[in-house]
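This report concerns only the one structure given below.
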Amino acid sequence: MPQDFRRAQAEICRKLAGRQVMLGVDYDGTLAPFAARPEQARLAPAVRRVLRQCAALPRVRLAVVSGRPLADLRRRVAIPDISYAGDHGWCIQTPQGAYTRKLSPAIAQALVAVERCLRRVCADIPGVLIEGKLFSVALHYRAVAAQRRRTVRSCFQHCIRPWREQGMLETLEGALVREARPARPWNKGHAVRWLWRQSGIPPRERVAVYIGDDRTDEDVFRILRESDVGIVVGRQKRSGAQYCVETQAEVIEVLRMFARETMRR
Ligand SMILES: [Mg+2]
Numbered sequence: 067m068p069q070d071f072r073r074a075q076a077e078i079c080r081k082l083a084g085r086q087v088m089l090g091v092d093y094d095g096t097l098a099p100f101a102a103r104p105e106q107a108r109l110a111p112a113v114r115r116v117l118r119q120c121a122a123l124p125r126v127r128l129a130v131v132s133g134r135p136l137a138d139l140r141r142r143v144a145i146p147d148i149s150y151a152g153d154h155g156w157c158i159q160t161p162q163g164a165y166t167r168k169l170s171p172a173i174a175q176a177l178v179a180v181e182r183c184l185r186r187v188c189a190d191i192p193g194v195l196i197e198g199k200l201f202s203v204a205l206h207y208r209a210v211a212a213q214r215r216r217t218v219r220s221c222f223q224h225c226i227r228p229w230r231e232q233g234m235l236e237t238l239e240g241a242l243v244r245e246a247r248p249a250r251p252w253n254k255g256h257a258v259r260w261l262w263r264q265s266g267i268p269p270r271e272r273v274a275v276y277i278g279d280d281r282t283d284e285d286v287f288r289i290l291r292e293s294d295v296g297i298v299v300g301r302q303k304r305s306g307a308q309y310c311v312e313t314q315a316e317v318i319e320v321l322r323m324f325a326r327e328t329m330r331r
């Protein structure tokens, strides 16, 4: 079970000492509070301020990692010269350039079919939001009445089933969102590892810090070493992260601590 971040501060500071910090953060539920609709989830100015501080420190490489489309993510965070991994890591933008994974035409067609199916079967459920992304289709149901959410999940199962059975797509379960994504092994963890390698900093000289709240973030926590710092937001007892904070509102305190600590040598 993850340890309370506040009680582990001394240990975390020791891990940071003298190392280059690869700081990765998720967006929704981590940097920004959840909103009824995804387009309403905004970054608080105070959070942007401390992120900017972190990004400006020579010891820190900052990356924001999200399931959101890359362009949307960059617009929301709006800090230049940092890295962004959107679409669950399929599209990456670093200060040096852009990198996009390729999708096979068959998978692309499967995603189109799932989106079409969802639009048909969920048409009369108020509050459902279907989002066709480049590499996935998301079904958001945060705004759906609690007693109808089970129906929404069944609709999703119905639409993805044929493609899942063929091994083409898989279900990603998020916080009041279901997503159909390619069953190929590429996730936030792969994207974060790719960013570490791109940095050119040898593994022993760097410490990875990652903060996230959702199941997709577990793919990152899983690849962290004991000497790294994984922080889960929320009370997930089964997280692979070593540390936790209870709520999204506390994330700013965590970021302030990193800004303070990495300012020193
Ligand atoms: Mg999240």
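Numbering (the working numbering), first residue to last: 67 to 331.
Ideal Cβ placement from N, Cα and C applies to all residues, glycine included.
Sorry if obvious, but does the Cβ on G278 come closer than 7 Å to a heavy atom of ligand 1?
-> Inclusion of G278 in the 7 Å shell around ligand 1 follows from its C-beta lying nearer than that to a non-hydrogen atom of the ligand.
Closest residue to H256 among P171, R330, T166 (Cα-Cα distance) | Minimum Cα distance to H256 is reached at T166.
Measuring from the CB of G255, is there a heavy atom of ligand 1 at a distance below 7 Å?
-> Flag unset: Cβ of G255 not near ligand 1.
State whether the region 260 to 273 contacts the region 193 to 213, with contact taken as three or more CB pairs (one from each stretch) at a distance under 8 Å.
-> Counting Cβ pairs under 8 Å, fewer than three are found: no touch.
Proximity winner among R214, V113, R250, F222, relative to G95 (alpha-carbon distances) = Distances from the CA of G95 to each of R214, V113, R250, F222 were compared; the closest alpha carbon is that of V113.
Span of the beta strand (DSSP E) around C188 | That residue, C188, is in no beta strand (DSSP E); it is neither H nor E in DSSP.
Between the Cα of C225 and the Cα atoms of C188, A121, L82, E105, which residue gives the shortest distance?
-> The residue with the shortest Cα to Cα distance from C225 is C188.
Proximity of G90 and V126 at Cβ, strictly below 8 Å | Not in contact: G90 and V126 (Cβ atoms no closer than 8 Å).
From the DSSP output, which residues share a beta bridge with C157?
-> In DSSP, C157 forms a bridge with G152, T166.
Output the residue ranges of the beta strand (DSSP E) runs that lie fully inside the region 269 to 325 and measure 3 residues or longer, sorted by chain position.
-> Note on the region 269 to 325: whole beta strand (DSSP E) runs with a minimum of 3 residues are 272 to 278, 295 to 299, 309 to 311, in chain order.
Mapping DSSP to helix, strand and coil, what is G90?
-> Strand.
Does the beta-carbon of T282 have 16 or more other beta-carbons within 10 angstroms, so that it is buried, or is it exposed?
-> The residue is buried, with at least 16 neighbouring Cβ atoms inside 10 Å.
With V243 as the anchor, note down where its beta strand (DSSP E) starts and where it stops.
-> First-last of the beta strand (DSSP E) with V243: 243 to 248.
Cβ of D94 versus every heavy atom of ligand 1: is any distance shorter than 7 Å?
-> Look at D94: its beta carbon is less than 7 Å from one of the heavy atoms in ligand 1.
Can you tell which of Q69, V87, R73 has its C-alpha closest to the C-alpha of D294?
-> Ranked by how close their Cα comes to the Cα of D294, the residues Q69, V87, R73 have V87 in first place.
Would you check if there are 3 or more beta carbon pairs closer than 8 Å linking the region 168 to 179 to the region 68 to 83?
-> Cβ pair count under 8 Å is below three, so no.
Within-8 Å CB hit, P171 to chain C | The structure shown contains no chain C; it is built from a single protein chain.
Flag this pair as yes or no: are the beta carbons of M323 and Q75 separated by less than 8 Å?
-> Their beta carbons are under 8 Å apart, which means M323 touches Q75 by this criterion.
Counting along the chain, where does the beta strand (DSSP E) carrying T237 start and finish?
-> If you look at T237, you'll find it in the beta strand (DSSP E) that goes 235 to 240.
C-alpha gap between R142 and R185, whole angstroms = Those two C-alpha atoms are separated by around 27 Å.
Backbone CA spacing between R244 and R330 [nearest angstrom] = C-alpha separation (whole angstroms): 42 Å.
Could you check where the beta strand (DSSP E) with A204 kicks off and where it finishes?
-> For A204, the enclosing beta strand (DSSP E) begins and ends at 203 to 206.
Taking the Cβ atom as the reference point for each residue, do P135 and L242 lie within a distance shorter than 8 Å?
-> The criterion of a C-beta distance shorter than 8 Å is not satisfied by P135 and L242.
Since Q119 and A325 are thought to touch, with beta carbons under 8 Å apart, how far apart are those beta carbons, to the nearest angstrom?
-> Indeed they touch by this definition, with Cβ atoms about 5 Å apart.
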